[in-house]
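*Asks:*
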Amino acid sequence: MTVHPKSDLPQGTLDLLILQVISLEPLHGYAIAQRLKQISREVVQVTQGTLYPALHRLQNRGYLAADWKVSDTGRDAKFYRLTRKGRVHLQSEAASWERLAGAISVILRTAKETP
Amino acid sequence: MNWWGRLTRRRTLERQLDAELRDHLERLVADYRSQGLPEAEARRRARLEFGGPDQVKEWCRDVRGTRWLDELAQDVRYGCRGLCRHPGFTAVAVVTLGLGVAATMTIFNLVEALLLRPLPVPQAGQLVTLIRWQDGHSSEHFSYPQVRLLAERTDLFTALAGVGSDIVNVGPPEGLEATGAAWVSGGYFATLDLVPAAGRLLTPADDRPGAAPAAVITHEYWMRRFGGDPAAVGAHLLIEGVNVPIAGITPPGFTGATVGEHAAITLAIGTRPRLQPENDSFLDASSRWLRILGRPHRDVAPGQLQAAVDSAWPGILRATLPDRLNAETRAARSRMTVTVQPGAQGTSRIRARFRTPLAVAMALVALVLVIACVNVANLLLARAATRSREIALRLAIGAGRGRILRQLLTESALLAVLGTLIGLALGVAGSHGLVALIAGAASGPDASVVSLAVALNWRVSAAAMMVMGAATLLFGLAPSWQASLTGPRAVASGANPVAESHGRLAAGLIVAQVALSLALVTGAGLFVRSLHTLRTLDRGFRTDNVLLVSFGPTRARMPPGALRAFNRSVLRAVEDLPGIRAASLAAVTPLQGGGMSTPIFVNGVSTGREEVYFNVVAPRFFEIMQTALLAGRDFTAADDATSPRVAVVNEAFVRLYLRQGSALGQRVSFTGPPDAMRIVGVVRDAVYETLRAAPPPTLYVSYLQQRDRRMTLIIEVPDSMGAAAAAVRTEVQPRVPAQPLRVRTLAAQVDGSLIRERLMALLASVFGTLALMLAAVGLYGLVSYSVTNRTREIGVRLALGARRARIERWVCQEALRLVALGIAIGVPAAWLVSRLVRTLIFGVTPADPATLAGAVGVLIIVTLLAALGPARRAARIDPVLALRRE
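These protein sequences, in sequence, are chains A and B.
Residue numbers for the first sequence follow the working numbering, beginning at 4 and rising by one.
Residue numbers for the second sequence follow the working numbering, beginning at 1369 and rising by one.
Pasting the structure below:
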């Protein structure tokens, strides 16, 4: 049995974030991590031990495809892009996340006002 | 990439994963560098942040979902390495198992081909066959009129047909080829629902009286004889001297509905009189020779079908009883009933004969396989004992117990796979050998065309897989389990619990092996003894120096009555040939597979339903066969159509029908008092149709006083059979240009009639020997192992003054104690086996004490020999060396 590294993000959220970041343009792993860090203003920090298994899982499920391209460093880098299936998945996941997040914030707000 | 791709392109994936992670790391380094850190520091920080790349890689591999397979591949690789490191162990285990599986598959291939495989026709499962029953006896044979009436019941069957197998002569007189053929009624191909590969198949129109003959040939025959030439359809085949057009070709793979015989040519029964004028009686109600296949309507339930057949049958039976039957036979025949049976596997002439032998052989062979597995289990146990240190080490460095168990089971499975593959290959060869043996001997009155296609199909593969799985579990589980019980502490303390418990378990396995071997050897003993009894039985005739020559003058289209004269001329010509002492003729030769019987009148009184065997012979028949004449005289050339009719009977006949007064001078007849024959001679009893029953009451009549019949030449040859056969061929064949002679020795015919017994004796002996060998090897291994383990103890005993002979005896006694226990358990097992084979043995009781005692003796001798080697070695141990070793 292998012990997986713990991520601070709720279950399934990392997948959603990765899909969202990649939906804008094909990226390689390092760039995805950087982008998540920048956009979230350093709140979301993913380690390689979480990021790469997640990327590979999404690829195996057919949400992501990968191409090897020569990058700015001159080396070949693996660029992930969203597949059509991944795009559909992203939309439905994003919608359900927003619904859930909205519900949670409503509950939090109500709970604050009651006492 | 899909799952399969992830599995098969492992190396590429690994390379890419490596590149991807290295790229990430390099980018981190570059980032730190751009923050102004020196190269070394940047690299250090990046490493720190990145963590262990191998850990990340492992997690990524987990995601692939192929981990269990990777591990399996690891286990297999490790297992292979282990097996290669111990080639001796591996070879013994694989060969042992291979022999066991080969024996099993040899029998199973035949069972599959003969009993299990459905006909290669659409929806074979729908087919049914009919069996007739009368007074507790069953038969598959129906008359042509009965088949026709049944086929008319289109309310029950979409189609129904009769099929009978035959050998026909194909080609010009100078190049006749005996070819397997099927005579079928019109609905045959409709019943089978076959689509022709070319041309058309036979229909009821081809089966009408007076229809022009047409032949359908099999795809295989088309390839063999015509090289697959499309022009074959419409071409003519010279069959029995008649030009018959080929109407069509059956689809590939179909070789006729009679399993075990390849019917290359299919012909309509209605055209049989045109091709074989002498066989026109086959269309009568009196000839019951057709097996039935029917395809019931899909909406008729099986129970319904049986009920409908039950109600229809009495009418069909009444309409098809032969005219020439006495009242009693008629009454008996009217009690006949018919049952519907599944017919997916088609019909067969040899199936009934070999069903029980094959079932018994299958049971025996399963025992051999179990013994083989037990042997391998013992080997694995011994190996596990020596490996306990390695296993404990692996446990100590963190391997899971389940993982170790899996590893060991994988090794067992590897052995099983290797053994099964070897066994499958050997099994196919073995089956071919058995088929050839059966084909060589299972001949009826005509040459045999027994052919069974042994094929690797899903049923055979499934059986092999089952065998393999069972074997893995049988010999893999116990040793693996035992090995995985080892704790790391055990090794540290130097104790070896596996080695200790190995001794007990292995001894138990040896006992089981001895018990099973005893059962098999006893079975073999019973079969060999029955065969010997049957071979040495007093048959009432000699078998050496007699040549049988069947010739068919019927194609010469002789006028009625000419055949007798022809037979006489052939006999005269043969008698004068050099190298021949005497010659005679007989309509039926002993043990040819079949005969003639009929109710008769003795002194004007009918024997009623009792049919009496009879034979039509020429003078000197008894002299050549060495069947002693006890009273009166033999037939002479003067006993012809113009002189008073005479007969010869045997002792059994006298005992049953002529108890009063002298048999000589009393009268017998076939049809009633007017054509009575006077008994002029009494001969000794001689076996007629079967060796398994006492010679029946038999009536012999003179061929010159009977209607025309096909006869077989019976020739006494004092020395060279080959030269005599050649001389007869040259003399007789030109007289019967349309049909090839069939020449064989009487000895071969008698042996052929014992095919079942020979087969069982052969198989049981092979299996018994195999079992004995395996048990001996197992015992040898165990004793050797225990001697090695006790080297020190033996050394001490020797040092204290024990004599070497005593040590030797002591080791042998240890082995014999196991053997004795095995025999104690094996005797009931042997008794069970003999119960199983009791229908197949003859002249020995199933619980024959002599056979059992013999088997026990053989077992003790063999096992003692196996123990003797290690015992000698034990006695030669040098006490000084033995004691210094530790």
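Ideal Cβ placement from N, Cα and C applies to all residues, glycine included.
No experiment lies behind these values; they were computed from the predicted model shown.
Going by C-alpha to C-alpha distance, which of B:R1412, B:M1704, B:A1387 sits closest to K72 of chain A?
*Replies:* Among B:R1412, B:M1704, B:A1387, the Cα nearest to that of K72 of chain A belongs to B:A1387.
*Asks:* Less than 6 Å between C-beta atoms, sequence neighbours within five positions excluded: which residues of the same chain meet that for T1995 of chain B?
*Replies:* Around T1995 of chain B: G1908, F1909, V2051, R2052, A2054.
*Asks:* Run down chain B in chain order and give the residues with a C-beta less than 9 Å from the C-beta of P29 of chain A.
*Replies:* Going along chain B, no residue has its Cβ under 9 Å from P29 of chain A, so there is no contact; the nearest lies around 14 Å.
*Asks:* Would you check if the stretch 1877-1893 of chain B and the stretch 1765-1780 of chain B touch, i.e. whether three or more CB-CB distances between them fall below 8 Å?
*Replies:* No: fewer than three Cβ pairs fall under 8 Å.
*Asks:* Compare the beta carbon distance of A2015 of chain B and I2047 of chain B with 9 Å and say whether it is the shorter of the two.
*Replies:* The answer is yes: Cβ separation under 9 Å.
*Asks:* Counting pairs of beta carbons, one from the stretch 1690-1707 of chain B and one from the stretch 1524-1535 of chain B, are three or more of them closer than 8 Å?
*Replies:* Touching, no.
*Asks:* List, from N- to C-terminal side, the beta strand (DSSP E) runs of 3 residues or more that fit wholly inside the stretch 1499-1525 of chain B.
*Replies:* If we require 3 residues or more, the beta strand (DSSP E) runs fully inside the stretch 1499-1525 of chain B come out as 1505-1507.
*Asks:* Cα-Cα, which of B:L1483, B:R1656, B:Q2073, B:F2135 is closest to S1506 of chain B?
*Replies:* Comparing Cα-Cα distances from S1506 of chain B to each of B:L1483, B:R1656, B:Q2073, B:F2135, the minimum goes to B:R1656.
*Asks:* Distance cutoff 9 Å, beta carbons only. Does Y1 of chain A sit that close to anything in chain B?
*Replies:* No answer is possible for residue 1 of chain A: it lies beyond the span of chain A, which begins at 4 and ends at 118.
*Asks:* Please classify G2276 of chain B: does DSSP put it in a helix, a strand, or coil?
*Replies:* Lying before the first or after the last residue shown, residue 2276 of chain B is absent from chain B, which here runs from 1369 to 2254.
*Asks:* Please report the distance separating the alpha-carbon of A2020 of chain B from that of L2026 of chain B.
*Replies:* The alpha-carbon atoms of A2020 of chain B and L2026 of chain B are separated by roughly 10 Å.
*Asks:* Would you mind reading off the limits of the alpha helix (DSSP H) that contains Q2181 of chain B?
*Replies:* Run containing Q2181 of chain B: 2172-2204, per the alpha helix (DSSP H) assignment.
*Asks:* If we require 4 or more residues per run, which alpha helix (DSSP H) segments fall completely within the stretch 1596-1676 of chain B?
*Replies:* For the stretch 1596-1676 of chain B, whole alpha helix (DSSP H) runs of length 4 or above, ordered along the chain, are 1640-1643.
*Asks:* Using beta carbons (cut-off 9 Å, strictly below), is Q41 of chain A in contact with chain B?
*Replies:* Taking Cβ atoms only, chain B never reaches closer than 9 Å to Q41 of chain A, which makes this a no.
*Asks:* Tell me whether Q1881 of chain B sits in a helix, a strand or coil according to DSSP, three-state version.
*Replies:* Three-state result, Q1881 of chain B: helix.
*Asks:* Go ahead and pull the three-state DSSP assignment for Q1709 of chain B.
*Replies:* Here Q1709 of chain B sits in strand by DSSP.
*Asks:* Step through the CB atoms of chain B and report whether any lies within less than 9 Å of the CB of K88 of chain A.
*Replies:* Chain B contact via Cβ: absent.
*Asks:* At a CB-CB cut-off below 8 Å, which residues of chain B make contact with Y33 of chain A?
*Replies:* The answer, in chain order, is D1391, H1392, R1395, L1396.
*Asks:* Once the 5 residues before and after A2239 of chain B are set aside, which same chain residues still bring their CB inside 6 Å of it?
*Replies:* Here the set comprises E2176, V2179, C2180.
*Asks:* Using a C-beta to C-beta distance shorter than 8 Å, which residues of chain B count as neighbours of K1 of chain A?
*Replies:* With chain A covering only 4 through 118, there is no way to say anything about residue 1 of chain A.
*Asks:* Between B:T1474, B:R1390, B:A2167, B:D2002, which has its C-alpha nearest M1730 of chain B's C-alpha?
*Replies:* Looking at the Cα atoms, B:T1474 is the closest of the given residues.
*Asks:* Using beta carbons (cut-off 9 Å, strictly below), is T16 of chain A in contact with chain B?
*Replies:* No, because no Cβ of chain B sits closer than 9 Å to the Cβ of T16 of chain A.
*Asks:* Tell me, please, whether the stretch 1473-1493 of chain B touches the stretch 1687-1694 of chain B by the rule of three or more beta-carbon pairs shorter than 8 Å.
*Replies:* No, because fewer than three Cβ pairs between the stretch 1473-1493 of chain B and the stretch 1687-1694 of chain B fall closer than 8 Å, the two stretches do not touch.
*Asks:* Per DSSP, N1983 of chain B is paired with what?
*Replies:* In DSSP, N1983 of chain B forms a bridge with B:Y2068.
*Asks:* Give me the chain A residues within the contact set of C1428 of chain B, using Cβ-Cβ distance strictly less than 7 Å, ordered along the chain.
*Replies:* Simply Y55, P56, H59.
*Asks:* Spell out the partners DSSP gives L1560 of chain B in its beta bridges.
*Replies:* In the DSSP output, where bridge partners are listed per residue, L1560 of chain B has none listed.
*Asks:* May I ask which residues mark the beginning and end of the alpha helix (DSSP H) holding Y2025 of chain B?
*Replies:* Residues 2019-2025.
*Asks:* Between the Cα of T1724 of chain B and those of B:L1495, B:R2013, B:G2194, B:R2206, spot the shortest distance and give me the residue it belongs to.
*Replies:* The option with the nearest alpha carbon to T1724 of chain B is B:R2206.
*Asks:* Under 9 Å between beta-carbons, which chain A residues line up against R1757 of chain B? List them in chain order, please.
*Replies:* By Cβ distance, chain A contributes nothing, its closest Cβ being about 26 Å from R1757 of chain B, past 9 Å.
*Asks:* Which residues share a DSSP beta bridge with H31 of chain A?
*Replies:* Paired residues: A:F82.
*Asks:* Check the C-beta distance from A1519 of chain B over to G1555 of chain B and give it rounded, since I have them as a contact under 8 Å.
*Replies:* With 8 Å as the limit, A1519 of chain B and G1555 of chain B qualify as a contact, their Cβ atoms being about 5 Å apart.
*Asks:* Classify T2098 of chain B: buried if its beta carbon has 16 or more other beta carbons within 10 angstroms, exposed otherwise.
*Replies:* Exposed, since its Cβ has fewer than 16 Cβ neighbours within 10 Å.
*Asks:* Which chain A residues are close to F1843 of chain B, counting only those with a beta carbon under 7 Å from its beta carbon?
*Replies:* By Cβ distance, chain A contributes nothing, its closest Cβ being about 30 Å from F1843 of chain B, past 7 Å.
*Asks:* Is DSSP giving S2154 of chain B helix, strand or coil here?
*Replies:* Helix at S2154 of chain B.
*Asks:* With three or more beta-carbon pairs closer than 8 Å as the criterion, would you say the stretch 1419-1431 of chain B touches the stretch 1749-1760 of chain B?
*Replies:* Counting Cβ pairs under 8 Å, fewer than three are found: no touch.
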